[in-house]
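Here's the structure, in structure tokens; my notes come after.
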Amino acid sequence: MAWTRVVLVTRALLACVVVSASPVSAIVDHMPGRVAPAGAVVVESFSELQRAVADPAGPSERWLRPKAYRGDLIVTRPVAIRGEDGATLDGTGESTVLTITASDVTIENIHVRHSGRRGPTEDAGIRATGDRNRLVAD
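If you count the sequence shown from 1, position 11 lands on -7 in my numbering, and the numbers rise without skipping.
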């Protein structure tokens, strides 16, 4: 499997994205003023986010508050994770911050920082290997 390296540059943030031969369907830039709509399922902690994403019966959309969620996340099912302005996935600095192995995943308005620096494993901010994944950067 060949890897393609793409670099997203967003407001004061550099995130390296490693994508498989299956392309990310869209990278859209800037959707200002984002807040969770009334009735949205909002995740308050990283452990809650991990559980929500891992639960196959869980809601298909989750919202993150404007704060840092510390940890490295693996998404293995179709889900949309949307952030209010200022939402951040703050990696451990030891591996890839957000690994997406599922297809049909949407990541929207979330800053990603503190990936690992292991060259042989190609740590990245975001690694997406599924099909039809959509990354919306702010």
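The beta carbon of each residue, even a glycine, is placed where N, CA and C say it ideally should be.
Where does the unbroken beta strand (DSSP E) through residue i begin, and where does it stop?
i: A34; result: It is not in any beta strand (DSSP E) - A34 instead sits in the alpha helix (DSSP H) that spans 28 to 36.
i: I92; result: Premise fails: I92 is in no beta strand (DSSP E) and is neither H nor E.
i: E43; result: 43 to 46
i: V57; result: 55 to 57
i: A62; result: 62 to 65
Could you compute how far the alpha carbon of residue i sits from the alpha carbon of residue j?
i: P19; j: K49; result: 17 Å
i: T58; j: G75; result: 21 Å
i: E30; j: S77; result: 20 Å
Going by other Cβ atoms of all chains shown within 10 Å of its Cβ, with 16 needed for buried, is residue i buried or exposed?
i: A69; result: buried
i: G112; result: buried
i: V118; result: buried
i: E90; result: buried
i: D105; result: buried
i: T103; result: exposed
Please list, in chain order, all residues of the same chain as residue i whose beta carbon is under 8 Å from its beta carbon, the five residues on each side excluded.
i: H96; result: D72, G73, T74, G75, V79
i: T83; result: I56, V57, T58, T111, G112
Closer than 7 Å by C-beta to residue i: which residues in its own chain qualify, once you throw out the five before and the five after it? Chain order, please.
i: V94; result: A(-3), L71, V79, L80, G107, I108
With distances taken between CB atoms, is the gap from residue i to residue j smaller than 7 Å?
i: G15; j: L46; result: no
i: F28; j: R52; result: yes
i: V23; j: P38; result: no
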